[in-house]
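Below: one structure, written as structure tokens.
Residue numbers (my numbering): 571 to 723.
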């Protein structure tokens, strides 16, 4: 999924979930954390929006794992959650926001023809029963459809 459509899906997920969780953070920090979290799965791609800015991370990740492998699985979220001290409510809230963004990225890529290896290193990829080509017209339809649906819920 393209960067701009990931942002639209992230906005849809945020609008759908933000009212159901209690986050004791300033709104700007919630938004920044969620958006940053939505960029993180593509850190393994040196040409991605985030990958270009951290080539010292994205190039080795790409060389070792390839794109849409470990960073498109559940393991990075679980590792970060484990490393953060959950006794600190600010850290917990930021991790929650990062996770919302991260999972929204995975949701977007679930709809593409490549799918996501949610339980990497298992090779099975989860994908929509009707996957779409990255950057194709149906990708936009899904992203904006999710966003409009989130406004109606």
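Where a beta carbon is used, it is the ideal one built from N, C-alpha and C, also for glycine.
| query | result |
| --- | --- |
| Burial state of residue 719, where buried means 16 or more other Cβ atoms lie within 10 Å | exposed |
| Strand pairing of residue 686, partner residues [DSSP] | 696 |
| Residue range of the unbroken alpha helix (DSSP H) whose run includes residue 646 | 645-653 |
| Counterpart residues of residue 702 in DSSP-defined beta bridges | 682 |
| Secondary structure, alpha helix (DSSP H): runs of 4+ residues fully inside the stretch 582-636 | 597-609 and 625-634 |
| Cβ distance (whole Å) where residue 604 is taken to contact residue 670 below 8 angstroms | 5 angstroms |
| Contacting residues, own chain, Cβ-Cβ under 6 angstroms from residue 573 (five flanking each side not counted) | 619 |
| Given 8 angstroms, three or more beta-carbon pairs between the stretch 702-716 and the stretch 637-647 | no |
| Member of 606, 691, 662 and 681 whose CA lies at the smallest distance from the CA of residue 699 | 681 |
| Pair within 7 angstroms by beta-carbon distance, residue 578 and residue 717 | yes |
| Range covered by the alpha helix (DSSP H) that runs through residue 707 | 707-722 |
| Cα-Cα separation, residue 713 to residue 571 | 9 angstroms |
| DSSP-derived helix/strand/coil call for residue 668 | helix |
| Anticipated Cβ contact below 8 angstroms, residue 668 with residue 607, distance rounded | 4 angstroms |
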